[in-house]
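Trainee:
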């Protein structure tokens with residue numbers, strides 16, 4: 001039942017990552033749209049995510065936040081979708097899923113805010129420098145169809161989304177290895193369904209609130 005899996009999002013957010021993951025899972029889910037300045041900060045949603053941010057999912061009454069965690073959770077919660085490797089084969093799966101959610105995300109955010117760690121700060125910052133983090137990510141996907149093994153997993157949803165968005169918005173350079181990795185992911189049926197849904201919601205929002 002859809003009310004067993006509730007997805008809180010805004011289509012102009014990282015919620016697009018989880019939308020793609022949900023479409024890959026294939027289970028019915030209910031979407032609840034939130035506005036950044038109003039419903040996302042309302043008490044009923046803050047009871048779900050005290051950060052007042054999206055996305056979040058509630059599955060069987062249990063709350064999961066943070067995109068990488070949601071992707072990993074859904075892969076385990078719906079094993080029939082085949083989106084997680086067998087337990088003995090999860091080293092690269094966990095490594096690159098959380099490397100991209102941690103050091104890569106931190107490095108991109110720091111750069112966006114104009115923060116350039118000096119030599120001493122680089123030793124303390126988990127990402128070191130943006131170039132260091134992106135170089136490691138580039139090597140992780142170079143020459144590979146999937147980032148963690150021989151088949152598509154939830155790690156590809158998250159890593160692929162970050163690279164896809166990053167190249168679109170200029171926060172990640174369009175290096176050949178990144179373009180070659182993302183290109184087939186964009187052809188997945190679930191990716192296309194997710195984009196169609198969220199692009200449709202964005203169009204509706206823009207029509208309702210013209211600039």
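In full-length UniProt numbering, the protein residues as written are 1 to 211.
Note that the Cβ used here is the ideal one computed from N, Cα and C, for glycine as well.
Computed from a predicted structure; not experimentally measured.
1. Write down the C-beta distance between residue 158 and residue 68 rounded to the nearest angstrom, noting that I regard them as a contact closer than 8 Å.
2. Starting from the C-beta of residue 78, find all residues in its chain whose C-beta is less than 8 Å away, skip the five residues before and the five after it, and write them out in chain order.
3. Quick one: what does DSSP say residue 41 is sitting in, helix, strand or coil?
4. Can you tell me where the beta strand (DSSP E) with residue 56 in it begins and where it stops?
5. What residues are listed by DSSP as bridge partners for residue 182?
6. Using the Cα positions of residue 111 and residue 200, report the straight-line distance between them to the nearest angstrom.
7. Is there contact between the segment 124-138 and the segment 87-103, where contact requires at least three CB pairs shorter than 8 Å?
8. Since residue 32 sits in a beta bridge, which residues does DSSP pair it with?
9. Report the option in 35, 61, 17, 98 whose CA atom is closest to the CA atom of residue 166.
10. With distances taken Cα to Cα, identify the nearest neighbour of residue 5 among 21, 11, 13.
11. What are the boundary residues of the alpha helix (DSSP H) that residue 62 is part of?
12. What is the rounded straight-line gap between the Cα of residue 38 and the Cα of residue 65?
13. Specify the secondary structure class of residue 94 as computed by DSSP and reduced to three states.
14. Is it the case that the Cβ atoms of residue 93 and residue 155 are separated by a distance below 8 Å?
15. Going by DSSP in three states, residue 147 sits in which element: helix, strand or coil?
16. Whole angstroms is fine: what's the gap from residue 30's alpha carbon to residue 7's?
17. Under a three-way DSSP split, which group does residue 113 fall into?
18. Report yes if the CB atom of residue 194 is closer than 8 Å to the CB atom of residue 19, and no otherwise.
19. Quick test of your reading: residue 198 and residue 182, contact by CB under 8 Å. State the CB separation rounded to the nearest angstrom.
Mentor: Taking the geometry as given:
1. Looking up residue 158 in the chain shown gives position 158. Looking up residue 68 in the chain shown gives position 68. About 5 Å; that satisfies the 8 Å criterion.
2. Along the chain shown, one-based indexing puts residue 78 at 78. Its chain contains 25, 26, 27 as the residues whose beta carbon lies nearer than 8 Å to that of residue 78, once the 5 sequence neighbours on both sides are disregarded; these appear in chain order.
3. Here the question's residue 41 lines up with position 41 in the chain shown. Three-state result, residue 41: helix.
4. The residue you call residue 56 lines up with position 56 of the chain shown. Element bounds for residue 56: 56-59.
5. As a first step, residue 182 is located in the chain shown; it is residue number 182 there, counting from the start. None, per the DSSP bridge assignment.
6. Position 111 of the chain shown, counted from the first residue, corresponds to residue 111. Position 200 of the chain shown, counted from the first residue, corresponds to residue 200. Our two residues, residue 111 and residue 200, have alpha carbons roughly 31 Å apart in a direct line.
7. The answer is yes - the segment 87-103 touches the segment 124-138, with three or more Cβ pairs under 8 Å.
8. The residue labelled residue 32 in the question sits at position 32 within the chain shown. 8.
9. Stepping through the chain shown from its first residue, residue 166 is reached at position 166. For the residues 35, 61, 17, 98, the minimum Cα distance to residue 166 belongs to 17.
10. In the chain shown, the residue the question calls residue 5 occupies position 5. Comparing Cα-Cα distances from residue 5 to each of 21, 11, 13, the minimum goes to 21.
11. In the chain shown, residue 62 corresponds to position 62, counting from 1. For residue 62, no alpha helix (DSSP H) encloses it; the enclosing beta strand (DSSP E) starts and ends at 62-65.
12. Taking the chain shown and counting its residues from 1, one reaches residue 38 at position 38. Taking the chain shown and counting its residues from 1, one reaches residue 65 at position 65. When rounded, the separation of the alpha-carbon atoms in residue 38 and residue 65 is 19 Å.
13. Looking up residue 94 in the chain shown gives position 94. Residue state, collapsed to three classes: helix.
14. The sequence position of residue 93 within the chain shown is 93, counting from 1. The sequence position of residue 155 within the chain shown is 155, counting from 1. In contact: residue 93 and residue 155 (Cβ atoms closer than 8 Å).
15. The residue you call residue 147 lines up with position 147 of the chain shown. Coil.
16. Within the chain shown, numbered from 1, the residue matching residue 30 stands at position 30. Within the chain shown, numbered from 1, the residue matching residue 7 stands at position 7. Taking the Cα positions, residue 30 is about 6 Å away from residue 7.
17. Taking the first residue of the chain shown as 1, we reach residue 113 at position 113. When DSSP states are grouped into helix, strand and coil, residue 113 belongs to the coil group.
18. In the chain shown, counting from the first residue as 1, residue 194 sits at position 194. In the chain shown, counting from the first residue as 1, residue 19 sits at position 19. The Cβ atoms of residue 194 and residue 19 sit closer than 8 Å to each other.
19. As a first step, residue 198 is located in the chain shown; it is residue number 198 there, counting from the start. As a first step, residue 182 is located in the chain shown; it is residue number 182 there, counting from the start. A Cβ-Cβ separation of about 17 Å leaves residue 198 out of contact with residue 182 under the 8 Å criterion.
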